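Chemist:
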Amino acid sequence: MTKIMINPITRLEGHGKIAIFLNEEGEVENAYLQIPELRGFEKFCEGRPAEDMPQIMQRICGVCPEAHHLAATKALDSLFNVEPTSTARKLRELLYSAFFVTDHATHFYILAGPDFIMGPESPPAERNILGVIGKVGLEIGKKVIQTRQQNHWVIQTIGGRGIHPVFGLPGGVSKVLSEENRAKAEEIALQDVEFARFSLKIFDDLVLKNKEYLDMVLSDTYTHRTYYMGLVDENNKVNFYDGKVRVVDPQGKEFTKYSPSEYLDNLSERVEPWTYLKFPYLKKVGWNGFIDGETSGIYRATPLSRLNAADGMATPLAQEEYEKMYAALGGKPVHHTLATHWARLIEMLYAAERMLELCRDPEITGPDIRNIPTEVPSEGVGIVEAPRGTLTHHYITDEKGLIKKCNLIVGTTNNYAAMSLTIKKAAQGLIRKGAEITEGLLNRIELAWRAYDPCMGCATHTLPGELPVEIAVYDADGTLIDTARRS
Amino acid sequence: MAKLKVALYWASSCGGCDIATLAIGEKILDVAAAADIVFWPVAMDFKYKDVEQMEDQSIDACLFNGAIRSTDDEHAAKMLRLKSKIMIAYGSCAYEGCIPGLANLFSMDSVFDRAYKDSPSTVNQDMVLPQAQVMVAEGELELPRLYNSVRALNQVIDVDYYVPGCPPEPKTTWLALEALVSGNLPEKGSIISHSSKALCDECPLPKEGKKVKKFFRAHQIIADPTKCLLDQGLLCYGVATRGGCGAMCPQGGMPCTGCYGPVEGVVDQGLHFLTALGSLIDSTDTDEIARITDEIADPAGTFYRYSLPVSLLRRAKTL
Chain A
2 MTKIMINPIT RLEGHGKIAI FLNEEGEVEN AYLQIPELRG FEKFCEGRPA
52 EDMPQIMQRI CGVCPEAHHL AATKALDSLF NVEPTSTARK LRELLYSAFF
102 VTDHATHFYI LAGPDFIMGP ESPPAERNIL GVIGKVGLEI GKKVIQTRQQ
152 NHWVIQTIGG RGIHPVFGLP GGVSKVLSEE NRAKAEEIAL QDVEFARFSL
202 KIFDDLVLKN KEYLDMVLSD TYTHRTYYMG LVDENNKVNF YDGKVRVVDP
252 QGKEFTKYSP SEYLDNLSER VEPWTYLKFP YLKKVGWNGF IDGETSGIYR
302 ATPLSRLNAA DGMATPLAQE EYEKMYAALG GKPVHHTLAT HWARLIEMLY
352 AAERMLELCR DPEITGPDIR NIPTEVPSEG VGIVEAPRGT LTHHYITDEK
402 GLIKKCNLIV GTTNNYAAMS LTIKKAAQGL IRKGAEITEG LLNRIELAWR
452 AYDPCMGCAT HTLPGELPVE IAVYDADGTL IDTARRS
Chain B
52 MAKLKVALYW ASSCGGCDIA TLAIGEKILD VAAAADIVFW PVAMDFKYKD
102 VEQMEDQSID ACLFNGAIRS TDDEHAAKML RLKSKIMIAY GSCAYEGCIP
152 GLANLFSMDS VFDRAYKDSP STVNQDMVLP QAQVMVAEGE LELPRLYNSV
202 RALNQVIDVD YYVPGCPPEP KTTWLALEAL VSGNLPEKGS IISHSSKALC
252 DECPLPKEGK KVKKFFRAHQ IIADPTKCLL DQGLLCYGVA TRGGCGAMCP
302 QGGMPCTGCY GPVEGVVDQG LHFLTALGSL IDSTDTDEIA RITDEIADPA
352 GTFYRYSLPV SLLRRAKTL
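Each protein sequence line maps, in turn, to chains A and B.
Okay, so the first sequence: first residue is 2 according to our numbering, each after it adds one.
Okay, so the second sequence: first residue is 52 according to our numbering, each after it adds one.
1) CB A:Thr341 to CB A:Leu305, shorter than 8 Å?
2) So B:Lys136 packs on B:Val102, CB below 8 Å; how close in whole Å?
3) Say whether chain A places a C-beta atom closer than 8 Å to the C-beta of B:Thr308.
4) Rounded to a whole number of angstroms, what is the C-alpha to C-alpha distance between B:Pro255 and B:Ala298?
5) Go through its chain and collect everything with a Cβ distance to A:Lys144's Cβ below 6 Å, but skip five positions before and after it.
6) Does A:Val385 pass the burial test, meaning 16 or more other C-beta atoms within 10 Å, or should it be called exposed?
7) Could you run through the segment 360–380 of chain A and flag, in chain order, every residue whose CB is less than 8 Å away from some CB of chain B?
8) Relative to the C-alpha of A:Arg247, which residue among A:Gly231, A:Gly253 and A:Glu235 is closest?
9) From the beta carbon of A:Gly383, is the nearest beta carbon of chain B less than 8 Å away?
10) Report all residues from its chain with a CB closer than 6 Å to the CB of B:Val57; omit the five preceding and five following residues, and keep chain order.
11) Closer than 7 Å by C-beta to A:Glu322: which residues in its own chain qualify, once you throw out the five before and the five after it? Chain order, please.
12) Would A:Pro574 and A:Tyr417 qualify as a contact pair, given that the criterion is a beta-carbon distance under 8 Å?
13) Might you give, ordered along the chain, the residues of its own chain that have their beta carbon closer than 6 Å to the beta carbon of B:Arg132, omitting 5 neighbours on each side?
14) Using a Cβ cut-off of 7 Å, which residues of the segment 275–288 of chain A contact any Cβ in chain B, in chain order?
15) Could you have a look at B:Asn199 and say whether DSSP puts it in helix, strand or coil?
16) Does the beta-carbon of B:Asp69 have 16 or more other beta-carbons within 10 angstroms, so that it is buried, or is it exposed?
17) Taking Cβ positions only, does A:His165 come closer than 8 Å to chain B?
18) What's the gap between the Cα of A:Ile159 and the Cα of A:Leu357?
19) Suppose the cutoff is 6 Å on Cβ atoms and the five residues either side in sequence are ignored; what does the same chain contact list for B:Tyr355 look like?
20) Mind listing the chain B neighbours of A:Glu25? Cutoff is C-beta to C-beta under 9 Å, in chain order.
21) Please tell me whether A:Ser269 has its Cβ less than 8 Å away from any Cβ of chain B.
22) Looking at chain A, is there any beta carbon in it that lies within less than 8 Å of the beta carbon of B:Asp319?
23) Do you know offhand how far A:Val137's Cα is from A:Leu359's?
24) Report the residues of the segment 257–286 of chain B with a CB closer than 8 Å to any CB of chain A, ordered along the chain.
25) Among B:Met130, B:Gly289, B:Asp169 and B:Gly148, which one has its Cα closest to the Cα of B:Pro306?
26) Within the 8 Å Cβ cut-off, does A:Gln150 reach chain B?
27) Just how far apart, CA to CA, sit B:Ala62 and B:Asp124?
28) Quick one: list the residues of chain B neighbouring A:Ile61, beta-carbon separation under 7 Å, in chain order.
29) Using only the alpha-carbon positions, how far apart do A:Cys459 and B:Gly67 sit?
30) Assign A:Gln35 to one of three DSSP states: helix, strand, or coil.
31) Have a look at the DSSP bridge pairing and note the partners of A:Gly313.
32) So, are the CB atoms of A:Phe168 and B:Gly309 less than 8 Å apart?
33) Check the DSSP bridge columns for A:His394 and list the partner residues they point to.
34) Consider the Cβ of B:Arg202: report whether some Cβ of chain A lies at a distance smaller than 8 Å.
35) Quick check for students: name the residue ranges of the alpha helix (DSSP H) that lie wholly in the segment 82–126 of chain A, counting only runs of 4 or more.
36) Excluding the 5 residues flanking A:Gly52 on each side, which residues of the same chain have their C-beta closer than 8 Å to its C-beta?
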């Protein structure tokens, strides 16, 4: 048996690795994505005051602290049995929409976009944001940076702080939004809507009109039939901040729809001895190994999954794009992993439109931002959609509100089993006996995993940027016989 | 002048420090003009073994974020120390252990039990636990070993400078980078921030220095956002926390939680805060004082939220 180690995940040097085993025929026998770290938030939060969870829990991930902050804050609403005021609820969603715009824009332009805009076999030195700027124009590079900065201003203004915000409390938020800042946020939201539309046009021009890319998107190598999960509102439209979790089966039929408090009836997690991260799966289907299809409880929770799990988008421009995508890809659900990039841009447009609606809501600058909890706390669950998957926080406290137990099912973790499937299938489709392992080939394997925007930040962590890969091929005795890597 | 060679590394961290490095905005271009980044696993394609092959002392400065939790973290820290002339503990995890350092209130065994055995969503009848070495059907797989305690960087290697914050604010990051680029470095061991005094000194909320009869938790009252939070009975950590961040949390209506570490000259931030609180209590009656201090729900997690691994306590003894 030959073992190939991929240490992709540079950014994960020491934070993630892939081992691929070849059989005697030189074909891929199996692939393992290992996550080599556990920080133990579920344990060390025991004894801490519940109201500190939004600030403590977000230290799980500095890439998406907003998601953890709000999942925790919603778990506190439920724990203390207190409804946030209408203004507070909207301020939370406004911050969260700005976060989705910046997070999705960053992923598309800096992490994933280079593959499509420059091409998966283009020289690595060009396959990055600078290459994208060279091809699409300097203006767009500036626009990406500007979008990030402006939306971070919104996050800081509403949340109190940029990275690791502080505003979430049970029953509301800690700070009102001034009219002056609201007007500025509205201006930013308007620009975000235009930027999202422009991004979809780039995707249309450069990817959808290019037969080679489209064939790659639609190829079997990058396809899995799985269950799909996403948060939906009362009309079954995609929602990032609130609603019920809906799961559809590989045919696209509703399999389950549950409230946060019912998550334990629907999700289970499996432990494997070769990784510190657990594998969530659908409890009612069960764990049947690393396989896809109806009989496997493996599900996906990604932008594409959310669109598959919902009946549409709640804003008009995003709805148009939603219909366009499904018409182009042959109806729902779409199983092609690489279409996740398209779905992500549609979500970015929705987030921008929602942000604009909220900025124009007369309540958004209201002074009534807190309901003080009056009940004795006991147990609460909070769920939001993190950009990388449905995020569940579950707390149990004593009567003083000190945490007795907590349980988390985190964004990227939802997709851990599916990512493992995707990597194995891409490797099987691409690594052939005797064929040289080229840099382009590595990138084509990596491309499969990049579609998930794997914020190992939540598992461990990851930042947008070049994702270098190193493959070392060992023979059965463990002797290094070949290496291939990015320049 | 030759360009500086700079390395950035993350050990056990959340990624927020790497984002914070980028948050200096366009000033990153000034840095790029003066320094070559020779290693940055998060964003650039230089591998671990490239660094291993470098000459000792060939990196001018290393900004190291994250705490030391695993054998991998420790190995990386020692290797980068060997290769770097200047070692900077960047951010609260590397400086003092930070929030994940609260794991030192427990044993690693109990962390494992919670994650893999007792979690309500986990199905694990065979009580499988992750292993440093494990044989799978196709061969052997390895994982780094996790230590029982979280350690700050200077508990593993010699550190030259510290940049506080969870994460450091952009202006603090810039202060450190400017010092590096200009060569105007402070005395070894310095903590790089715009202030060496307590955060209260720069907080714009007017402080009357009131004594309090009762401490409140953040969710229990709606504080007046134009007045000092500590005066209103909220446990704002500004009195015992180094300034330099701009006091954004109190201005956002929430108490400081202490992420910039102790003020100059203080070893144990928690003890300092405790002492400061003692002088605030509006009573001389021991029973009443006990009743007032009982309102503090989680002393260990509040006073040592960011600094347990480097405090005089370090960790819980048994468990």
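We put the CB at the ideal spot given by N, CA and C, even for glycine.
Here the structure is a predicted model, which means the values were calculated and not measured.
Modeler: So, from the data block:
1) yes
2) The Cβ separation is near 14 Å, so there is no contact.
3) yes
4) 8 Å
5) none
6) buried
7) Arg371, Ile373 and Pro374
8) A:Gly231
9) no
10) Ala86, Ile88 and Ala112
11) Leu201, Ile347 and Leu350
12) Residue 574 of chain A lies beyond the stretch modelled for chain A, which goes from 2 to 488, so this question has no answer here.
13) Met138 and Ile208
14) Trp275, Thr276, Tyr277 and Lys279
15) strand
16) buried
17) yes
18) 15 Å
19) Gly321 and Ser362
20) Per Cβ cutoff of 9 Å: no residues; A:Glu25 is ~11 Å from chain B at best.
21) yes
22) no
23) 32 Å
24) Arg268, Ala269, His270, Gln271, Ile272, Ile273 and Pro276
25) B:Gly289
26) yes
27) 5 Å
28) Cys65
29) Unreliable positioning characterises A:Cys459 in this predicted model, as indicated by a pLDDT of 42, which lies under 50. The coordinate reading is nonetheless provided below. Between A:Cys459 and B:Gly67, the C-alpha separation is close to 11 Å.
30) strand
31) A:Lys238
32) no
33) A:Gly383 and A:Leu409
34) no
35) 87–107 and 114–119
36) Here residue 52 of chain A turns out to be Glu, not Gly, going by the sequence shown. Result list for A:Glu52: Leu77, Leu170, Pro171 and Gly402, in chain order.
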